[in-house]
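Take a look at the structure set out below.
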Amino acid sequence: MLEVSGISQVFGGVTALDRVSFTIAKGDITGVIGPNGAGKTTLFNIITGIYTQTAGKVLLGGADVSGLPPERLARLGLVRTFQNIELFGGMTVHENVMVGMHTKSSSGLLACGLKMPWNMAEERRIREHSLNWLDFTGIPDLADVTAGNLPFGKGRLLEIARALAVEPQIILMDEPAAGLNSQETLELAKLIQRIRETGITVVLVEHDMELIMDICDRIVVLNLGRKLAEGTPREIQDNHEVVAAYLGEDE
Amino acid sequence: MKKELLKFGAFALLIMLAPLAFKGGYLMTVLVFVGINTMLSIALNLLLGYAGQISLGHAGFFGLGAYLSGVLTATYGWNPWLSMALAAVIVGIVAYLIGFPILKLKGHYLAMATLGLGIIIYIVFNETVDLTGGPSGLSGIPNLSINGITFDSDLKNYYLVWIFALLMVLFSLNLANSRIGRALRAVHDSEVAARVVGVNARLLKVQIFAVSATFCALAGSLYAHTMTFISPASFGFTFSVELLTMVVIGGLGSIYGSFLGAALLTLLPEFLRAAHDYDIIIYGGLLMVMVMYMPGGLVRGIPELYRKLLKSKGKTALKSEGGVEHA
Amino acid sequence: MQFDQLLQYALSGLSTGAIYALIGIGFSIIYNATGIINFAQGEFVMLGGMLTLFFLELLKLPIWAAIPCAVAAATVGGILFERLAIRPLRQATPINLVIITIGGSILIRGLAMLLWGKDTHAIPPFSGDEPIAIGGATVLPQHLWILGITVIIIAINKFYFFHTISGKAMRACAYNRRAAGLVGIDVRRMVLFSFVISSAMGAVAGIIVAPLTMVAYDVGGMLGLKGFCAAIIGGMSSGISTVLGGLILGVLESLGAGLISSGYKDAIAFIILLLLLFLRPQGLFGKAESERV
């Protein structure tokens, strides 16, 4: 589904990522973990087209998508969420999800301004269909609330709903459990599993080890910009290098 | 949706009946300008209030429309309607092409670049004397006419201008509540998040910039044909700032707010004749006060103020009730 | 084209360029300390000229006393501007900052018009107007004053930024405001300082150029924009790059006015500005920096 091959990223002489490669299988939930400064978020930013890597390739469904901007990647079925949730704060919850359906609609600027019949039909479809995603993430009752006024946990759910509205093949979540309480984290875990059940591949960057170990099929461990290990949760837990990286190397 | 339509209907009716109240007279001329300024501030608001991209050069596009129409009709004897359409198309294309490099810039840099663009256009108006008449202006621009009716009185011009303005209001309202309008607001709130869900932010910004400039050009053509005389002084930096003030006063991202801002800022100087030369003090002061104390503009600020007032009244009422109980 | 004539254009270009450089550095200092492009920067240039005139004519001060008074008064204006317009702003988004500094700019301009009227005034040159021959060209004593004072100001600036604690703190703010705050630098104070320095520099620029170009309430706009252009050429540096930017702009403008058309003189600066913003937003001398999200 998604293949990262030999990705390196250098910021003004500092190597943030050094020849990182791994493959993510379709339908899996994959966790990317590593101590602070391991390069996880940088890697996410490269995969999702926000940074352009210094070297290496990103393949999506076998096609080279390196350097494509995020809006093109979204059309190819790759979306992401952000660590510090990025909502459209001035719009309602419902409208946020409607923006998620942007790639699933096509009326141009003039058609919208002139309210052409096909645009009206499309608008109705967007309005109704987007409600499904609010149902899916369990926040349908918040539809008319201004997104900027949402509590953090609900904002996270909205961000996920908006990403799902793109109807992606693969969703990347940057620390989805950050800032959530344990109850919310539990619900998030269930939600992620339900997302996978619909056939969407999920990739998580996460610090919450319990969450990662519970729901991931595979785990990739980064440390200091390099891939340290890769495997099932069990394999990772038994890996000495990983344990050393997390606890600090004591002689 | 129905509510929106009703609101627009009421607004349109009000505009159409307004001349009855004023019975011609001097104020009609001013109301024609209110119409033109409404178009311009809506144009700027689409860009600034919806897409979140500033322009300090919109007076330039307004001027381009006016001069293209003026020169084509007065100097080359073209049909006014044809020249108006051509002016709109040309300005739209120019803005579209220039939009790609200019909208790559953000914030302060975008403001400076658009400001520079506006000044370059202004200098060209002044310097191409053979074409534009230079600083002394271009006269002899014909009125528009249709089916033998020539728009040569304030009343006729009022209806002419306002029909265009109302169509623009309707177009903009439609746009605001469509996938494009939502995408624009999304870009405003978080460009990166909008792009991640598939909104081509760059293209969209350029498109709305072009539409905004086209609206300005249309307003410019109407201005030229209703005034029959134009000079560069109407299209300088100060007017760009005046447009900005209208949008900010009315409310960023509110179409009716744009009308309110345009109406206030056009009518105000008429009532403050004495302060005529000092209008820049008023614009400057208003801009600062609004941004500091009412960043949502009048359309949002006044209801908010009203609610606050009600609340504080409610509180004092409760207090006094409590007092009664105690007694 | 005569060599002498080219030399003449270049020489007069250098002195206007020096003015642009001073204004440009003012832009850069505030930008580096705060991230704000102060659209009102040009108004302090105007204030410098107008206040000098005020002290000269109304208070009958001699020129050596009028100038420091004018600089001091303009600086107080800068402090007031920071206190009343910038600091109280709650939603300091770039657009709000643009709007507020533009509002401030035309408010100051309007107040100047209200106080001193719309007339254009002349300020006497500092030391006569006997032209001095250099090669085949001539310069006015005022040109030399401009170049000399500019060099001195830039030297003082350099000393301040590299050899005083407060200057170093200001540079720290320019690199990273949050980190500067964490190591105990009073960032808000530095912001105020940046307004003090740049309004003083703007005022000096306005004073030394006034004998050549006359002064009126509305000269600030154009001078300010050209100073910004100089800063852009210099990559928003508060050092030598912006000085070079100003000089390049001044000379190009002067040559353009002489060789092409004087009417388009002002357009040259803006065409350069647009081209640079489109093609090399990091400035003519800067290296491209990858922008982080």
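Protein chains in written order, with this note's numbering: chain A, 1 to 251; chain B, 1001 to 1327; chain C, 2001 to 2293.
A virtual CB, placed ideally from N, CA and C, is assigned to each residue, including glycine.
Practice problem: Look up residue 226 (chain A) in the DSSP assignment and say whether it is helix, strand or coil. | Solution: strand
Practice problem: Give the residues of chain B in contact with residue 2091 (chain C), contact being defined as C-beta atoms less than 7 Å apart. | Solution: 1295
Quiz item: Measuring from the CB of residue 2086 (chain C), is there a heavy atom of the ligand COA at a distance below 7 Å?
Solution: As far as ligands go, the structure on display features none, and thus does not contain the ligand COA.
Self-check item: Where residue 2143 (chain C) falls: helix, strand or coil (DSSP)
Solution: helix
Quiz item: Which residues in the same chain as residue 2028 (chain C) place their Cβ atom closer than 8 Å to its Cβ, once the five residues preceding and following it in sequence are excluded?
Solution: 2231, 2234, 2236, 2237, 2238, 2242
Quiz prompt | Nearest to residue 1064 (chain B) (by Cα), restricted to the options B:1306, B:1230, B:1075 | solution = B:1230
Practice problem: Pull up the CB-CB distance for residue 69 (chain A) and residue 246 (chain A), whole angstroms please, since I reckon it's below 8 Å. | Solution: Contact doesn't hold; Cβ gap of about 35 Å is too wide.
Exercise. Give the range of the beta strand (DSSP E) segment to which residue 1117 (chain B) is assigned.
Key: Unbroken run through residue 1117 (chain B) is the alpha helix (DSSP H), 1107 to 1127; no beta strand (DSSP E).
Quiz item: Rounded to a whole number of angstroms, what is the C-alpha to C-alpha distance between residue 67 (chain A) and residue 50 (chain A)?
Solution: 9 Å
Self-check item: residue 2081 (chain C) to residue 2056 (chain C) span [Cα, whole Å]
Solution: 25 Å
Quiz item: Within 10 angstroms of its Cβ, does residue 250 (chain A) collect 16 or more other Cβ (buried), or is it exposed?
Solution: Residue confidence for residue 250 (chain A) is low, a pLDDT of 46 falling below 50, so the modelled location carries little weight; the figure read from the coordinates is stated next. Exposed, by the Cβ-count rule.
Self-check item: Assigned secondary structure, residue 3 (chain A) (DSSP; H/G/I helix, E/B strand, else coil)
Solution: strand
Quiz item: Quick check: the region 1187 to 1203 of chain B against the region 1035 to 1044 of chain B, are there 3 or more CB pairs under 8 Å?
Solution: no
Self-check item: Residue closest to residue 1145 (chain B), alpha-carbon to alpha-carbon, out of B:1079, B:1138, B:1111, B:1102
Solution: B:1079
Self-check item: CB contact below 8 Å: residue 2085 (chain C) versus chain B
Solution: yes
Quiz item: What residues in the region 2263 to 2278 of chain C have a beta carbon less than 7 Å from any beta carbon of chain B?
Solution: 2263, 2264, 2266, 2267, 2270, 2271, 2273, 2274, 2277, 2278
Quiz item: Quick one: does residue 219 (chain A) have its CB under 8 Å from some CB of chain B?
Solution: no
Exercise. Could you please give the first and the last residue of the uninterrupted alpha helix (DSSP H) stretch that includes residue 1034 (chain B)?
Key: 1026 to 1045
Exercise. Label residue 237 (chain A) either buried or exposed according to how many other C-beta atoms from any shown protein chain fall within 10 Å of its C-beta, with 16 as the threshold for buried.
Key: exposed
Exercise. Would you kindly check if the distance between the Cβ of residue 32 (chain A) and the Cβ of residue 205 (chain A) is under 8 Å?
Key: yes
Quiz prompt | Identity of the residue in B:1119, B:1253, B:1172 nearest residue 1005 (chain B) by Cα | solution = B:1172
Self-check item: Burial state of residue 181 (chain A) (16 or more Cβ within 10 Å)
Solution: exposed
Exercise. Give the single residue among A:223, A:195, A:145 whose Cα lies nearest to the Cα of residue 163 (chain A).
Key: A:195
Exercise. Report, in whole angstroms, the separation of the C-beta atoms of residue 2036 (chain C) and residue 2097 (chain C), which I expect to be a contact under 8 Å.
Key: 5 Å
Quiz item: Taking just the CA atoms, how far does residue 2042 (chain C) sit from residue 2110 (chain C)?
Solution: 13 Å
Self-check item: Residues from the region 95 to 106 of chain A in contact with chain B, defined by Cβ distance under 9 Å
Solution: 95, 96, 98, 99, 100, 101, 102, 103, 104, 105, 106
Exercise. Ignore the nearest five residues each way along the sequence and tell me which others in residue 1211 (chain B)'s own chain have a CB closer than 7 Å to its CB.
Key: 1046
Quiz item: Who are the near neighbours of residue 1324 (chain B) in its chain, counting only those whose CB is closer than 6 Å to its CB and skipping five residues on each side?
Solution: For residue 1324 (chain B), the predicted structure reports a pLDDT of 37, less than 50, and the residue's modelled location is therefore unreliable. A value from the coordinates is still provided. Around residue 1324 (chain B): no qualifying Cβ.
Quiz item: In chain order, what residues of the same chain lie with their CB nearer than 6 Å to the CB of residue 99 (chain A), ignoring the 5 residues before and after it?
Solution: none
Exercise. Look up residue 1390 (chain B) in the DSSP assignment and say whether it is helix, strand or coil.
Key: Only positions 1001 to 1327 of chain B appear in the structure, and residue 1390 (chain B) is not among them; the question remains open.
Self-check item: Bounding residues of the beta strand (DSSP E) (the contiguous stretch that carries residue 190 (chain A))
Solution: Per DSSP, residue 190 (chain A) belongs to no beta strand (DSSP E); it is in the alpha helix (DSSP H), 182 to 197.
Exercise. Could you round the C-beta distance between residue 4 (chain A) and residue 21 (chain A) to whole angstroms and report it? I think they count as a contact, below 8 Å.
Key: 6 Å
Practice problem: Name, in chain order, the residues that DSSP records as bridge partners for residue 8 (chain A). | Solution: A:55
Practice problem: Could you name the residues of chain C that residue 1237 (chain B) contacts, counting a contact when the two beta carbons are closer than 8 Å? | Solution: 2221
Practice problem: Indicate whether residue 1019 (chain B) and residue 1155 (chain B) have their beta-carbon atoms separated by less than 8 Å. | Solution: yes
Self-check item: alpha helix (DSSP H) runs wholly inside the region 2113 to 2199 of chain C, at least 4 long, in chain order
Solution: 2141 to 2163, 2165 to 2175, 2177 to 2182
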